[in-house]
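Residue numbers (UniProt numbering): 1 to 152.
Using N, Cα and C, we set each Cβ at its ideal position, and we do this for glycine too.
Shown next, in the form of structure tokens:
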């Protein structure tokens, strides 16, 4: 599985909002500059995040974006699914919620591999929260190296 720039840049943008949007809305131009993402592309990403209910926009001269909820309640999985859609690594009917069946499903020995990979990805992205990434971003800003313990 390879994430597109939507997922990578969008995650950077929402972490930026978690860090800089605590006391006042984070302006799109400021996020764009800090994260080196074009304003036009950033607006597309923020629109998807807003539609998913992860961020709110504040209008006006001092407007921008804030998190729609608490950073400790928003997982990386929530963000990536809002931006990328389904995170399953392969098109396998065993991994989807559809009624479809695969003609080889009954005898497929690789479906176990795909299920385990899918479960591992989901477990990982659903166990990392924005508050953890925001804390790490603040530490990096203070000159400390990026180090992350992936377990809560």
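Straight-line Cα distance separating residue j from residue i
i: residue 110; j: residue 31; result: 43 Å
i: residue 15; j: residue 4; result: 17 Å
i: residue 103; j: residue 18; result: 46 Å
i: residue 136; j: residue 113; result: 33 Å
i: residue 142; j: residue 130; result: 18 Å
i: residue 39; j: residue 33; result: 9 Å
i: residue 11; j: residue 105; result: 35 Å
Delimiting residues of the beta strand (DSSP E) encompassing residue i
i: residue 79; result: Segment 76 to 84 is the alpha helix (DSSP H) holding residue 79; no beta strand (DSSP E) there.
i: residue 67; result: 64 to 67
Reduced DSSP secondary structure (H/G/I, E/B, other) of residue i
i: residue 58; result: strand
Beta-carbon contacts of residue i that lie in its chain and below 6 Å, excluding the five residues immediately before and after
i: residue 37; result: 9
Range of the contiguous alpha helix (DSSP H) that encloses residue i
i: residue 41; result: 39 to 51
Cβ shell of residue i (< 7 Å), same chain only, five flanking positions each side left out
i: residue 140; result: 146
- Message: I'd like to know if the segment 23 to 38 and the segment 56 to 66 are in contact, where contact means that at least 3 CB-CB pairs between them fall below 8 Å.
- Response: yes
- Item | Three or more C-beta pairs below 8 Å linking the segment 70 to 82 and the segment 32 to 43 | no
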